[in-house]
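What follows is a set of notes on a single structure, which appears directly below.
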Amino acid sequence: MTIVAHVTSQMSSIERNKSGGYYAYRSSKTALNSLSMSLSVDLKPRGITCILLHPGYVKTDMTGHHGDITTAESVAGLTSILDNATPDDNGRFYHTDGSIIPW
Numbered sequence: 001m002t003i004v005a006h007v008t009s010q011m012s013s014i015e016r017n018k019s020g021g022y023y024a025y026r027s028s029k030t031a032l033n034s035l036s037m038s039l040s041v042d043l044k045p046r047g048i049t050c051i052l053l054h055p056g057y058v059k060t061d062m063t064g065h066h067g068d069i070t071t072a073e074s075v076a077g078l079t080s081i082l083d084n085a086t087p088d089d090n091g092r093f094y095h096t097d098g099s100i101i102p103w
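Numbering (UniProt numbering), first residue to last: 1 to 103.
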């Protein structure tokens, strides 16, 4: 199975936005989500599955080494999602823990 995976952020979830702010970051990730959803529709007839992935709040330079998980834990979670993906996952938005993030 061919998969197109886009790394995005749960901050792009309109349903989960309860804090406001981060306008440029949120809108850029939301645009990526829209692109991925359109691709999921257009590529489905060709057997290509498109999935959105949120890596989690990862301890990196970008987060000042604050976060809930390490880079290795994030990669392991994302790899597991991709390894277990099926065509039914087309257009879904996943957290690294495997849960589905609402749009």
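Ideal Cβ positions, reconstructed from N, Cα and C, are used throughout, including at glycine.
DSSP bridge partner residues for residue i (one or two, in chain order)
| i | result |
| --- | --- |
| His95 | His54 |
| Val7 | Leu53 |
| residue 137 | Given a span of 1 to 103 for the chain in the structure shown, any question on residue 137 remains unanswerable. |
Under the three-state DSSP convention, the category residue i falls into
| i | result |
| --- | --- |
| Ala76 | helix |
| residue 131 | Because the chain spans 1 through 103 in this model, residue 131 falls outside it and cannot be assessed. |
| Thr60 | coil |
| Ile81 | helix |
| Thr2 | strand |
Nearest neighbour of residue i, chosen from the options [CA to CA]
| i | options | result |
| --- | --- | --- |
| Trp103 | Ala5, Arg26 and Tyr22 | Arg26 |
| Ile48 | Ala72, Met37 and Gly56 | Met37 |
| Ser34 | Ser13, His66 and Pro45 | Ser13 |
| Asp68 | Ala76, Ser19, Arg46 and Gly56 | Gly56 |
| Ile101 | Thr70, Thr30, Ala24 and Gly21 | Thr30 |
Practice problem: Take every Cβ of the segment 57 to 68, pair it with every Cβ of the segment 85 to 94, and state whether three or more of those distances are shorter than 8 Å. | Solution: Counting Cβ pairs under 8 Å, fewer than three are found: no touch.
Quiz item: Would you call the segment 2 to 12 and the segment 40 to 57 in contact, with 3 or more CB pairs under 8 Å?
Solution: The segment 2 to 12, when compared against the segment 40 to 57, does touch it at the 8 Å Cβ threshold.
Quiz item: Quick one: any contact between the segment 71 to 81 and the segment 90 to 100, if contact means 3 or more CB pairs under 8 Å?
Solution: Three or more beta-carbon pairs drawn from the segment 71 to 81 and the segment 90 to 100 are found closer than 8 Å, and the two stretches are therefore classed as touching.
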